[in-house]
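A.B. asks: Got a structure for you, written out below as C-alpha cells; questions coming shortly.
Number of protein chains: 2
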Amino acid sequence: MADELTEAGGRIRLYVTADLGADAAVPLPDGPSHYLLHVMRAKPGDGLRLFNGRDGEWAAEITAATKRGVTVTARARTAAQSEVSDLWLCFAPIKKTPADYLAQKATELGAARLQPIFTRRTIVSRVNQERLLANAVEAAEQSGRLSVPQIAEPVTLEKLLASWPRERRLYFCDESGDARPLAQAAQPAPAAILTGPEGGFDPAERALLRAQNFVTPVTLGPRILRADTAALAALAVWQSAMGDQG
Amino acid sequence: MADELTEAGGRIRLYVTADLGADAAVPLPDGPSHYLLHVMRAKPGDGLRLFNGRDGEWAAEITAATKRGVTVTARARTAAQSEVSDLWLCFAPIKKTPADYLAQKATELGAARLQPIFTRRTIVSRVNQERLLANAVEAAEQSGRLSVPQIAEPVTLEKLLASWPRERRLYFCDESGDARPLAQAAQPAPAAILTGPEGGFDPAERALLRAQNFVTPVTLGPRILRADTAALAALAVWQSAMGDQG
C-alpha cells in the first residue's frame, strides 16, 4: 500500500501545518481542498505526499472528499526531515510580480527565511506577507523541499541592523565595485544575503552597513543587476560555495 | 561638453547597430525614437550613452528630434569595448513570461548567446526571437553591458549536439542527482549551460547527452529547480567560479 502510494503520490506534494505520523488524519483548508478536488480531480484513495517542516515527508491518501472539504491520512514516511542551510534573504521589496518571483526562486534556492526590509529608496510601502507565503509554499511543494521559508515581518534597515544576531554574517551586495566576490568571501552558516531596492542603497545606508562588524560587502560581478537578479544570484552562489546540503 | 554629456547621460543607455565614433550621427529606429521623445521627454541637446557591441560606450547627444524620428550624435568614448565571458545558455523554451524573464536575467548575468532548443518534452512549439532580443537589448542597456547576447535560431537537441563545436564544454544540468556540483566541474570558457523544459529531459535524451565527450553533467543542489531558476543559478555559479570578467 505504501509503495503504491509512493508511486501514485509522486506528483502531488502538499505542505500542511498539522503534525504528521502513521495514520494521522489531516483535514485540509479550503485552498488545498479546492485544488485537489477541482484542479487535480482527486478522489478518495488517491495518493499524495505531505510535509510540515518538522516530521519529514509522508506518503498519504485522500480518505474523505466532500463538499465540506478533503481529509488526507498519512500512511508511511518517505523521507526524514532535513534542514535547508541556515541562510536568510533580507531584501527591499520590489514591485508585485518580481516579489512573487523572488519568493518562489528564493524558496527553490533554499533560503530559510525571507526578511523584507524598508530602505530610503524603497518605493513599495506595503508588503503582502500572505502572498509571499503562498508563493513560498507553492515553490516548496514543487521543489521537493521539506520546509517552507519563514516570512518575517518587514522592518526598516536601521532596526534590522540594531537587533541583528551578531554571530550571523550579513553579506551586503554592494554595487560600488570595491568589494570581494561573494564566492571568495562566503563563510559557513549562519548567514544572510542583503539586497537593495531598484535604486540601490543611499550613501548613508552604505556607510552604516560598512560600519557593522557583522557585515561583509560583496560584489556579484561587473554588471549592474536588477534587485531580484542580485538576490537570486547571491543565493545560488552562496549555496554553491558552501556545498548546499539541502 | 563631453563631461557634461557624461553627467547628464548617466541615466539613458541605448543599444544601436550603427558604427560609433567621434561625431558619428545615428538616426534611431522608431522604437527608441518614441521612447526618447514620449517616455523620457528628451529634447535636442540632451545627453545619453550609446553602445553597439563593437566600439565601446559613447557619450552622445540628441542632435535632431522631429516627427520623422530622433538622431543622436556620438561625442566622446566613455569606455573601451569589453567582452562578456564566452558562455552560452542553451535552454528549452518555456511559457511566455518566464522566457522574457530568462532573456533579461541571462543578459544581466553575462551570457554571450541564448540558444533555444526543442526537446521531446518541450511544450512550447514556437520561439519569438524578436521578443527575446527585445528583452535582451533592454537588459543590456540597463545592466551596463557593452554588448547584447546573440539570439540563436532554435534547433532540436539532436541537431545541437550533432553540430556542436567540440572545444566548447557543455554543462548539462541533470536532475538525476549523481552529477558533480557545477562550481567544482566548471572549466574556463568556451562554455555552455544546458537546461531542460518543465518536464525535464527524457531518458533517451539523458543517455544521448551523457554519451557525448564534450558534455559534463552537473548538479545545482538537492532541490528540484524550475527550468528558469536552474538556468539563472547555473549562469551565476559558473560566472562566480570562473571569476566573471564582465
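Same order as they appear, the protein sequences are chains E and C.
If you number the first sequence the way the numbering used here does, the last residue is 246 and the count never jumps.
If you number the second sequence the way the numbering used here does, the last residue is 1246 and the count never jumps.
Each residue gets a CB set at the ideal place from its N, CA and C atoms; glycine is no exception.
Would you decide whether D86 of chain E is buried or exposed? Buried here means 16 or more other CB atoms lie within 10 Å of its CB.
C.D. replies: As a working note, residue 86 of chain E is residue 86 in the first sequence. The residue in question, D86 of chain E, is exposed, as its Cβ has fewer than 16 Cβ neighbours within 10 Å.
A.B. asks: Using a Cβ cut-off of 9 Å (strictly closer), state whether Y1015 of chain C contacts chain E.
C.D. replies: Residue mapping note: residue 1015 of chain C aligns to position 15 of the second sequence, counting from 1. No, no contact with chain E.
A.B. asks: Tell me the start and end of each unbroken alpha helix (DSSP H) in the region 3-83 of chain E that is at least 4 residues and wholly inside, in chain order.
C.D. replies: Entirely contained in the region 3-83 of chain E, the alpha helix (DSSP H) runs reaching 4 residues are, in chain order, 30-34.
A.B. asks: Output the residue ranges of the alpha helix (DSSP H) runs that lie fully inside the region 1186-1212 of chain C and measure 4 residues or longer, sorted by chain position.
C.D. replies: Runs of the alpha helix (DSSP H) inside the region 1186-1212 of chain C: 1203-1210.
A.B. asks: Q142 of chain E touches chain D at which residues, Cβ-Cβ below 9 Å?
C.D. replies: Among the protein chains in the structure shown, which are E and C, there is no chain D.
A.B. asks: Say whether chain C places a C-beta atom closer than 9 Å to the C-beta of L232 of chain E.
C.D. replies: Counted from its first residue, the first sequence places residue 232 of chain E at position 232. Output row for L232 of chain E: interface = yes.
A.B. asks: Have a look at A92 of chain E and R131 of chain E and give me their C-alpha separation to the nearest angstrom.
C.D. replies: Locating residue 92 of chain E in the first sequence gives position 92, counting from the first residue. Locating residue 131 of chain E in the first sequence gives position 131, counting from the first residue. Going from the Cα of A92 of chain E to the Cα of R131 of chain E covers about 16 Å.
A.B. asks: What's the call for R1145 of chain C, buried or exposed, on a 16-neighbour Cβ count within 10 Å?
C.D. replies: Working through the second sequence from its first residue, we reach residue 1145 of chain C at position 145. That one is buried.
A.B. asks: Would you report the Cα separation of E1205 of chain C and K1159 of chain C, rounded to the nearest angstrom?
C.D. replies: On the second sequence, position 205 is the one that residue 1205 of chain C refers to. On the second sequence, position 159 is the one that residue 1159 of chain C refers to. Using only the alpha carbons, I get a separation of about 12 Å.
A.B. asks: Name, please, each residue of chain C whose Cβ falls closer than 7 Å to the Cβ of Q239 of chain E.
C.D. replies: For the purposes of this step, residue 239 of chain E is taken as the residue at position 239 of the first sequence. Ordered by position in chain C, the residues that pass the 7 Å Cβ test against Q239 of chain E are G1221.
A.B. asks: Can you check whether the C-beta of L109 of chain E is within less than 9 Å of a C-beta belonging to chain C?
C.D. replies: Along the first sequence, read from residue 1 onward, the residue named residue 109 of chain E stands at position 109. Yes, contact with chain C.
A.B. asks: Buried or exposed: which applies to I123 of chain E, given that a residue is buried once 16 or more other Cβ atoms fall within 10 Å of its Cβ?
C.D. replies: Mapped onto the first sequence, residue 123 of chain E falls at position 123. When all chains shown are included, I123 of chain E counts as exposed.
A.B. asks: Expressed to the nearest angstrom, what Euclidean distance is found between the alpha-carbon atoms of R169 of chain E and A112 of chain E?
C.D. replies: In the first sequence, the residue the question calls residue 169 of chain E occupies position 169. In the first sequence, the residue the question calls residue 112 of chain E occupies position 112. Roughly 15 Å between the two C-alpha positions.
A.B. asks: Helix, strand or coil, according to DSSP, for R1120 of chain C in the structure here?
C.D. replies: Here residue 1120 of chain C corresponds to residue number 120 of the second sequence, with the count starting at 1. Reduced to three states, the DSSP call for R1120 of chain C is coil.
A.B. asks: Specify, as a first and last residue, the run of the beta strand (DSSP E) that A1215 of chain C falls within.
C.D. replies: Translated into the one-based positions of the second sequence, residue 1215 of chain C becomes position 215. Going by the sequence as given, residue 1215 of chain C is Val instead of Ala. V1215 of chain C -> beta strand (DSSP E) spans V1215 to T1219.
A.B. asks: Tell me which residues share the same chain as L1232 of chain C and place their Cβ nearer than 8 Å to its Cβ, disregarding the 5 neighbours each side in the sequence.
C.D. replies: The residue you call residue 1232 of chain C lines up with position 232 of the second sequence. Hits under 8 Å: L1102, K1105, A1106 and L1109.
A.B. asks: Is the shortest distance between the beta-carbon of G1243 of chain C and the beta-carbons of chain E less than 9 Å?
C.D. replies: As a first step, residue 1243 of chain C is located in the second sequence; it is residue number 243 there, counting from the start. Cβ-Cβ to chain E under 9 Å: yes for G1243 of chain C.
A.B. asks: State the Cα-Cα distance for the pair E167 of chain E and D174 of chain E, rounded to the nearest angstrom.
C.D. replies: Translated into positions along the first sequence, residue 167 of chain E becomes position 167. Translated into positions along the first sequence, residue 174 of chain E becomes position 174. The alpha-carbon atoms of E167 of chain E and D174 of chain E are separated by roughly 21 Å.
A.B. asks: In chain order, what residues of the same chain have a beta carbon less than 6 Å from the beta carbon of A1183 of chain C, not counting five sequence neighbours either side?
C.D. replies: Counting from 1 along the second sequence, the entry for residue 1183 of chain C is found at position 183. Around A1183 of chain C: V1237 and A1241.
A.B. asks: Let me know the secondary structure DSSP gives V1148 of chain C once reduced to three states.
C.D. replies: As a first step, residue 1148 of chain C is located in the second sequence; it is residue number 148 there, counting from the start. The answer is coil: DSSP assigns V1148 of chain C none of H, G, I, E or B.
A.B. asks: Are the Cβ atoms of L36 of chain E and R11 of chain E separated by less than 9 Å?
C.D. replies: Indexing the first sequence from 1 puts residue 36 of chain E at position 36. Indexing the first sequence from 1 puts residue 11 of chain E at position 11. In this structure, R11 of chain E does not lie closer than 9 Å to L36 of chain E by Cβ.
A.B. asks: Please check if any C-beta of chain E sits within less than 9 Å of the C-beta of Q1104 of chain C.
C.D. replies: Along the second sequence, read from residue 1 onward, the residue named residue 1104 of chain C stands at position 104. Yes, Q1104 of chain C counts as interfacial toward chain E.
A.B. asks: Between the region 220-229 of chain E and the region 1214-1230 of chain C, do three or more beta carbon pairs fall short of 8 Å?
C.D. replies: No, the region 220-229 of chain E does not touch the region 1214-1230 of chain C.
A.B. asks: What residues in its chain sit with their C-beta under 8 Å from that of Q1212 of chain C, if we drop five residues either side in the sequence?
C.D. replies: The sequence position of residue 1212 of chain C within the second sequence is 212, counting from 1. Taken in chain order, the residues that qualify are L1161, W1164 and L1170.
A.B. asks: At the 9 Å Cβ level, is R68 of chain E part of the contact set with chain C, yes or no?
C.D. replies: As a position in the first sequence, residue 68 of chain E is number 68, starting the count at 1. Not an interface residue.
A.B. asks: List the residues of chain E whose Cβ lies closer than 8 Å to the Cβ of T1078 of chain C, in chain order.
C.D. replies: Taking the second sequence and counting its residues from 1, one reaches residue 1078 of chain C at position 78. Under the 8 Å cutoff, chain E gives no residues; its nearest Cβ is about 15 Å from T1078 of chain C.
A.B. asks: From this set, C:P1098, C:A1076, C:P1197 and C:R1013, which residue's C-alpha is nearest S1033 of chain C's C-alpha?
C.D. replies: Within the second sequence, numbered from 1, the residue matching residue 1033 of chain C stands at position 33. Answer by Cα proximity: C:R1013.
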